[in-house]
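Each residue of the sequence shown is one higher than the one before, starting from 202 at the first, in the numbering used here.
The structure appears right after this line, and notes come after that.
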Amino acid sequence: MKGLIQDYQLTVPAILQRTETLYGPKEIVTRKPDKSFHRYTYTDFVTRAKKLAVALDDLGLEPYDRVATLAWNTHEHLEAYFGVPSSGRVLHTINPRLSPDDIAYIIEHAGDRVLLIDETMVKLLDGFKDDVSLEHVFVFGSAPEGLESYEDLLAGADEGAFRYPDLDEEDAAAICYTSGTTGRPKGALYSHRAIALHSMASAMADTIGIRERDVVMPVVPMFHVNAWGLPYTCTLVGATQVMPGAHLDPESLLEDLANERVTVTAGVPTIWLGILHALDADPETYDLSALRSMIVGGSAAPEGVIRAYKERHGLNVVHAWGMTEMSPLGTICNLRSMMDDLTEDERYRIKAKQGSPVPFIEVRAMAEGEPVPWDGESMGELEVRGPWVASAYFNTDEGADKFTDDGWFRTGDIVTIDENGYVEIQDRTKDLIKSGGEWISSVALENALMSHEAVAEAAVIAIPDEKWQERPLGVVVLKEGAEATEEELLSHLSGEFPKWSLPDAMEFVEEIPHTATGKALKMKLREQFQDYTPAGS
Ligand code: AMP
202 MKGLIQDYQL
212 TVPAILQRTE
222 TLYGPKEIVT
232 RKPDKSFHRY
242 TYTDFVTRAK
252 KLAVALDDLG
262 LEPYDRVATL
272 AWNTHEHLEA
282 YFGVPSSGRV
292 LHTINPRLSP
302 DDIAYIIEHA
312 GDRVLLIDET
322 MVKLLDGFKD
332 DVSLEHVFVF
342 GSAPEGLESY
352 EDLLAGADEG
362 AFRYPDLDEE
372 DAAAICYTSG
382 TTGRPKGALY
392 SHRAIALHSM
402 ASAMADTIGI
412 RERDVVMPVV
422 PMFHVNAWGL
432 PYTCTLVGAT
442 QVMPGAHLDP
452 ESLLEDLANE
462 RVTVTAGVPT
472 IWLGILHALD
482 ADPETYDLSA
492 LRSMIVGGSA
502 APEGVIRAYK
512 ERHGLNVVHA
522 WGMTEMSPLG
532 TICNLRSMMD
542 DLTEDERYRI
552 KAKQGSPVPF
562 IEVRAMAEGE
572 PVPWDGESMG
582 ELEVRGPWVA
592 SAYFNTDEGA
602 DKFTDDGWFR
612 TGDIVTIDEN
622 GYVEIQDRTK
632 DLIKSGGEWI
642 SSVALENALM
652 SHEAVAEAAV
662 IAIPDEKWQE
672 RPLGVVVLKE
682 GAEATEEELL
692 SHLSGEFPKW
702 SLPDAMEFVE
712 EIPHTATGKA
722 LKMKLREQFQ
732 DYTPAGS
């Protein structure tokens, strides 16, 4: 017997419509490239999102066509977050930190027809424009000669022609690509329903807890897993939104946090480490008394940083974990009432864990085909399921082994789960390095190194780094009698990889330890180089 409840579809345009009717006067603030501020209301935002939807119709786009963005956190980007899915098309946010080759690949793989690009990023076009079949490129901000302007596109669109569409909640609304260990990036294709439910769950008090009276600044980029869904969550509840644009240096962010009276913010550990150093050096200038929660995720937040923020600056850092394949929120570390009696040290110890699953996300840690007990000690690979977890990658069989036959997603993170359901990441199975919140493929670097004529074997491992959490180190065995310097090997890599993803150094060794199946034994290498500091530093 079915319940007798209306068939109401959970969609992105339903969020837009709610905000239009309820939160018109609320504000959205953006740092512009020249560091001045752009301010407008939700009413202005809704008008422009609708115009974008109409403009996409006028361009002749079909339902579900993909519209890409290459942009910072700005009000124009927010318009695309809503205008594109509210016209029945799919928003594809591209990470500008990918190599031009990968950007070209994902534009073609996603089948993007239109690209909306930030004025500060147009130079990236040179790296890929000849390799893609985009039909239109519109520039946010001032368009250089020869490129179309986003403002002109909106100016030519009639808001009155917009009708809230009748979409199926299972329809695709957005796509993000994530780096693969081997092979090309793979797409997580989000449905309207996933975004709507994720927004509700993240707004809950025991999750991030976002309300209408909050002022939220997502530092986490809108080009990486939808800025952890915050643009959708904030718009759903009508919170004031502060967009830092391209200015992610500690001083600019501190000014934004203080001057806009931000209450909730979110970013990767590298961002909060930079801000911690700036606050330690100058604890007086910035009034952060409005700030009640700093969400940190993307990489592990060290306990020392969580503690330092609280003890030295009275600020509450909240640890969260998620993935591109899960929209992204999976766990969040809020302490429960029963933990009030623990000692301060015990509570910090828990706060450094990644936290317990948010509502409707289930977790299990698997070892040898069985879930391990929730005892805080037994380790297994974290598997998840829930209404915003991917069920497959878009248009490829690659990575199919991450989706289990019984309906779970294998995260590649090795964890323990304690008796209260708090997950703690111990290691990862995926051969990737996460530096400042962005992925570097060790396998891709190794293959490129091994294509050098002097290299017999190479392994690239993550070494701990205070600022970036992890940095790549190349470990190289040269062919007998061959010679190559660190500079030569780095310049060999530099054509193919962005500068930030090159190894910090090359260590030349006699041999690399191997597993029984002949693979480089990375664990052993990581142990060997765990206290590594490059010569001369
Ligand atoms: P991405 O899809 O780029 O967001 O990366 C997701 C991956 O980042 C996870 O599978 C983890 O390996 C890592 N990650 C995310 N949040 C955390 C965290 N709080 N602590 C440790 N690792 C994290």
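Note that beta-carbon positions come from the ideal geometry of N, C-alpha and C, so glycine has one too.
Taking C-beta to C-beta, are residue i and residue j nearer than 9 Å?
i	j	result
residue 521	residue 409	yes
residue 496	residue 467	yes
residue 256	residue 325	no
residue 392	residue 360	no
residue 641	residue 702	yes
residue 300	residue 595	no
residue 629	residue 619	no
residue 385	residue 303	yes
residue 589	residue 398	yes
residue 198	residue 451	Residue 198 lies beyond the residue range present for the chain, which begins at 202 and ends at 738; the question has no answer from this structure.
residue 350	residue 344	yes
residue 232	residue 448	yes
residue 283	residue 247	yes
residue 527	residue 568	no
residue 729	residue 665	no
residue 416	residue 463	yes
residue 316	residue 269	yes
residue 411	residue 465	yes
Just confirm the distance between the C-beta atoms of residue i and residue j, as a whole number of angstroms; I'd bet it's less than 8 Å.
i	j	result
residue 559	residue 581	No, residue 559 and residue 581 are not in contact; Cβ-Cβ is about 20 Å, not under 8 Å.
residue 548	residue 539	12 Å between Cβ atoms; not a contact.
residue 432	residue 375	Going by Cβ atoms, the distance from residue 432 to residue 375 rounds to 11 Å, so no, they are not a contact pair.
residue 504	residue 553	4 Å
residue 341	residue 277	4 Å
residue 561	residue 406	Between residue 406 and residue 561 the Cβ distance is about 16 Å, and since that is not below 8 Å, they are no contact.
Compare the C-alpha of residue i against each of the options and name the closest.
i	options	result
residue 726	282, 676 and 414	676
residue 501	471, 302, 704 and 465	471
residue 362	689, 706, 542 and 253	253
residue 310	335, 290 and 286	335
residue 441	418, 447 and 451	418
residue 491	261, 245, 459 and 341	459
residue 487	461, 293 and 499	461
residue 279	572, 434 and 656	434
residue 332	305, 314, 357 and 344	305
residue 530	578, 585, 568 and 574	585
residue 672	705, 689 and 647	705
residue 213	395, 227 and 203	395
residue 656	646, 700, 665 and 664	646
residue 413	713, 438 and 621	438
residue 328	693, 298 and 733	298
residue 684	692, 577, 654 and 463	654
residue 524	416, 387, 573 and 622	387
Rounded to the nearest angstrom, what separates residue i and residue j at their Cα positions?
i	j	result
residue 215	residue 535	30 Å
residue 475	residue 456	14 Å
residue 632	residue 659	14 Å
residue 682	residue 710	14 Å
residue 624	residue 404	21 Å
residue 635	residue 477	20 Å
residue 599	residue 612	15 Å
residue 638	residue 281	23 Å
residue 557	residue 275	31 Å
residue 643	residue 687	17 Å
residue 367	residue 290	13 Å
residue 680	residue 690	14 Å
residue 235	residue 454	15 Å
Within 9 Å (strictly less), CB to CB, does residue i reach chain D?
i	result
residue 504	You won't find chain D in this structure, because it holds only one protein chain.
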